[in-house]
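Participant: After the structure tokens below, expect a handful of questions from me.
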Amino acid sequence: TNAAYYTQTKELTDLHILKATRRRRCGQVEVYLGEVEVTTAVAGFKKKSQLTEEIIGEEPLDLPPQRFPTIAVWFDLPPEAAAKIDKAQLDFAGGLHAAEHAAIGVLPLFALCDRNDIGGVSTPLHPDTGKAQIFIYDAYPGGIGIAEKGFDLIEELWQATLRAIIDCPCLEGCPSCIQSPKCGNNDKPLDKKAA
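Using the numbering used here, the first residue of the sequence shown is number 34, and each one after it goes up by one.
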């Protein structure tokens with residue numbers, strides 16, 4: 034159809050750890066590689082004007098969730114990170130989400146893949162671990178080796194992610210650093226300083 038708007042889905046993504054297959058300590062944190070199940074539910078979509086990006090309508094959808102098993106890399110945060118972010122009055126969840134997006138944007142430089150080949154989930158309290166976590170997973174059933182590459186090069190990935198965030202001249206975050214073109218939460222919440 035020829036319309037003056039495009040649609041953007043509103044998705045809820047959940048991730049359940051099935052089994053950690055590898056782990057290692059990097060500085061103060063543990064890094065894990067393992068089998069996970071990703072569940073995505075499309076809750077609706079927004080209609081956005083092609084010229085102004087203005088939201089001109091929202092439509093709810095009642096669709097069954099999609100589940101698939103895959104491989105993910107995930108890691109703990111340094112123990113003092115939450116306290117530092119709280120003391121600075123920054124958004125902890127927004128910082129996790131922004132760091133997740135930035136890492137997903139940088140990982141293709143190491144794994145020689147497309148950004149759409151990977152997904153992520155970040156949460157201040159994951160039910161399987163009882164801790165704040167950032168997950169990066171292969172966006173294909175069974176996995177295709179991208180998360181494993183991220184696990185093997187996690188320290189280089191962290192350094193490159195930090196550089197991408199710090200070196201970006203924007204103030205609040207942009208598509209070059211912490212925004213994602215495929216975020217199911219429409220890039221909310223995001224906090225560049227917390228990231």
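Beta carbons are placed, not taken as given, at the ideal position from N, Cα and C, and that holds for glycine.
Whole angstroms are fine: how far does the CA of L96 sit from the CA of T42?
Facilitator: About 12 Å.
Participant: Going by the C-beta, is G183 closer than 8 Å to any heavy atom of the ligand GDP?
Facilitator: The ligand GDP is absent from the structure shown, which contains no ligand whatsoever.
Participant: For the region 51-61 and the region 71-82, state whether three or more C-beta atom pairs, one from each stretch, are separated by less than 8 Å.
Facilitator: Because the criterion of three Cβ pairs below 8 Å is not met, the region 51-61 and the region 71-82 do not touch.
Participant: Please say whether A121 and A227 have beta carbons closer to each other than 9 Å?
Facilitator: Going by C-beta atoms, A227 is nearer than 9 Å to A121.
Participant: What residues are listed by DSSP as bridge partners for H49?
Facilitator: Paired residues: E70.
Participant: Tell me, please, which residues DSSP counts as bridged to S155.
Facilitator: The partner list for S155 (beta bridge, DSSP) reads I167.
Participant: Which residues in the same chain have their Cβ closer than 6 Å to the Cβ of E92, if we skip the five residues on either side of it in sequence?
Facilitator: Excluding positions up to five away in sequence, the list reads G77 and F78.
Participant: DSSP on Q192, reduced to helix/strand/coil?
Facilitator: If DSSP states are grouped into helix, strand and coil, Q192 belongs with the helices.
Participant: Is the separation between the beta-carbon of K225 and that of C203 shorter than 9 Å?
Facilitator: Yes, the Cβ-Cβ distance between K225 and C203 is below 9 Å.
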